[in-house]
Each structure stands twice: as structure tokens, then as C-alpha cells.
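Engineer:
Residue numbers (full-length UniProt numbering): 1 to 205.
Okay, structure coming up:
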């Protein structure tokens, strides 16, 4: 994740210490609390092009408990509170988490009911925060899959198009971290490749 501009440089040894401290703190706090009511189904689960950090399910075997919970770890050296809050607010419509839910449901053959983010901040003091889970309904996940297939089809077709023919998605030109790397290409140079050469280096397909 992004690190504030005034953050100090870290040596490899320093980073290793931070990471180990983060792992220990998470294991002793947020994850330990989680394991009181949930059991692990899978970690670092690779399904297609997605890799899910953590898949769990309720530990109590009740009639209505045959569902999965998706947790995405977000580890940062430093992170301003406003970015943590922003990440949590985005959870209900977070594409990555819905993609994980869709993949996990297909892979395990069990419905995914909840998605959430686990923030691990390594400095200046190690802090772990588990978000409130966001509910996923089967009907919504089916609609997400329909929309995702349309987008993936478009992405495959993009390889056959020239640069100036590609569809623009202005919704993602700016986000909480700043402009897209192609922002100038689209909005300043209007995809004129001659003008773009002053800022960008063209790569062969």
C-alpha cells in the first residue's frame, strides 16, 4: 500500500523486523479473536488468477453455518487513518473481494456470505484492525458474475484494438491515491501518441 511521503527509508533487516512483529501481533490479537468463532478453510488459496489470503467458516456446526468468509490482508508500513477508513467504506463494492468470493464459492462449492479486510499497519507502532464484515447475497454474486464476464470479454477484445479505440473508463481515472498512470495520455494528450512521447515510453505488444 501507499506510504506517506515523509516516511523514512527502511533497511532489509529493519523491514524483516517490522514484518515479523506484524505477523506476531496479528496472530496474538485480531486472528486469535477470529479463531474463537471461526476455523480456517484455506490460506493463500490460488484459484485461477486470484489468490485469496484467508478463507474461513463458522466453527459451530449449525444448519445455517455452511458458508464461507473471505478475508483480505492489507499490510502497510504506514497508513494514514483516512486511508484505512476509506478502504473499509469501499468493502461492500470492492471488486477484488467480490472476485475472491466468486472464485471461492465456485472452488469450494459452498456459498460465501461475508467479505472483509484485515489491516496490518507495521509502524510507527504495530496495529491490526479487522473490519466489520460486509454481507454478500447469492443473487448479487450472480449479477456480479454476469457483469464480470462482460468486462472480461471486453478486455480480451482490447488486444485487437488500436490504442485510440480502447474504451475509456473515467470512473477510475482518479482515486484516493491520485491519478491513473495513463491520466495525461487520455486527458492531456487526448491519446495523441506523438504528444505522449514527451512523457511516456511506447512498449511493443
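The beta-carbon is built from N, C-alpha and C at its ideal position, and this holds for glycine as well.
Residue 64 bridges to which residues according to DSSP?
Structural biologist: By 1-based counting over the chain shown, the position of residue 64 is 64. In the DSSP output, where bridge partners are listed per residue, residue 64 has none listed.
Engineer: Given that a residue counts as buried once 16 or more other Cβ atoms are within 10 Å of its Cβ, and exposed if not, what is residue 143?
Structural biologist: What you label residue 143 is simply residue 143 of the chain shown in a count that begins at 1. Flag for residue 143 reads exposed.
Engineer: What's the C-alpha gap between residue 189 and residue 203?
Structural biologist: Counting from 1 along the chain shown, the entry for residue 189 is found at position 189. Counting from 1 along the chain shown, the entry for residue 203 is found at position 203. Their Cα atoms are separated by approximately 18 Å.
Engineer: Exposed or buried, what is residue 146 when buried is set at 16 or more other beta-carbons lying within 10 Å of its beta-carbon?
Structural biologist: If you number the chain shown from 1, residue 146 lands on position 146. Looking at its Cβ environment, which holds fewer than 16 other Cβ atoms inside 10 Å, residue 146 is exposed.
Engineer: To which residues of the same chain is residue 180 closer than 7 Å at the C-beta, ignoring the five residues directly before and after it?
Structural biologist: Within the chain shown, residue 180 is the residue found at index 180, counting from 1. Same-chain partners within the cutoff: 172, 173.
Engineer: Buried or exposed: which applies to residue 82, given that a residue is buried once 16 or more other Cβ atoms fall within 10 Å of its Cβ?
Structural biologist: Taking the chain shown and counting its residues from 1, one reaches residue 82 at position 82. Residue 82 comes out exposed.
Engineer: Based on Cα-Cα distance, which residue from 109, 66, 122, 96 lies nearest to residue 115?
Structural biologist: In the chain shown, the residue the question calls residue 115 occupies position 115. Per the Cα distances, 96.
Engineer: State the DSSP-derived secondary structure class of residue 74, mapped to helix, strand or coil.
Structural biologist: Taking the first residue of the chain shown as position 1, residue 74 is located at position 74. Residue 74 falls in the strand class under three-state DSSP.
Engineer: Just the Cα atoms here: how many angstroms apart are residue 200 and residue 31?
Structural biologist: As a working note, residue 200 is residue 200 in the chain shown. As a working note, residue 31 is residue 31 in the chain shown. Cα to Cα, the separation comes out at about 44 Å.
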